[in-house]
Amino acid sequence: MATTTTISQGIAIKFKDQAWLVISSQFVNPGKGSAFTRTKLKNLKTEQIVENTFRSGEAVELIDVVRNKCQFLYNDGEDYYFMDNETYEQFSFTKATLGDATNYLVENTECYAMYLDGVPVSIQLPGKMSFKIVSTPPGVKGDTATGGSKEATLETGAIVKVPLFIKEGESIIVNTETNEYVSKG
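In terms of the numbering used here, the numbers along the sequence shown are unbroken and rise by one, the last being 1568.
Below you can see the structure in the form of structure tokens.
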């Protein structure tokens, strides 16, 4: 058993007799009252996402989830196929199961497969990834002084806000968790 202070993004916990992955967590210590941890949890079996608040010091049970490196192979429209780099076994997830992760999957992308009881239940992408921009409006001379941004479409079809000086065909680094531009790639 652990306490709520050990809850952080990426760990698995037992909550309401089921396995949940912590998608995000925020420790809050208000000026008045006791501290708490606000979390967003994803059910590893049903993919349901819920928000929950744990009181400070509340006991939580950590679950062993095995993380193996895997590689994204291809998608056939609805299913996304991966290969475990250790066992070379192939497995798939539906687009609905992967959610926003599909915005960043390019063939041969290295990621982690999360296994619960020997069954792959989820994938975890690297925090930052490099992508080529396939379309973005041109920046107008003088626009950069304002520090504005514009939308750019990545090679995967995802749309990200980028600074005005970024041009079509350039590579950029994107934070896959927040969907934000980080730097030129």
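Just so you know, even glycine gets a beta-carbon here, dropped at the ideal spot from N, CA and C. Because the structure is a prediction, the values reported are computed rather than measured.
- Counting only runs that start and end inside the region 1451-1534, the alpha helix (DSSP H) elements of at least 4 residues fall at 1478-1481.
- Taking 8 angstroms as the upper bound for CB-CB distance, K1533 and P1520 are in contact here, some 6 angstroms apart.
- Classified as buried, V1504 has 16 or more neighbouring CB atoms from the shown chains inside 10 Å of its CB.
- In the DSSP annotation of this structure, the continuous segment of the beta strand (DSSP E) that includes A1395 starts and ends at A1395 to F1398.
- V1489 and G1416 have their C-alpha atoms spaced approximately 47 angstroms apart.
- Closest in alpha carbon position to L1424, among F1455, W1403 and T1477, is W1403.
- In the three-state reduction of the DSSP assignment, T1436 falls in the strand class, which pools E and B.
- Cβ atoms of L1456 and Y1487 stay farther apart than 8 angstroms, at about 15 angstroms.
- Between S1408 and I1396, the gap from beta carbon to beta carbon reaches 7 angstroms or more.
- Taking 7 angstroms as the cut-off, the Cβ atoms of V1517 and T1536 count as close.
- With 16 or more other CB atoms across the displayed protein chains lying within 10 angstroms of its CB, F1514 is buried.
- T1561 has its alpha-carbon roughly 13 angstroms from the corresponding atom of Q1392.
- In the three-state DSSP reduction, T1561 falls in the coil class, being neither helix nor strand.
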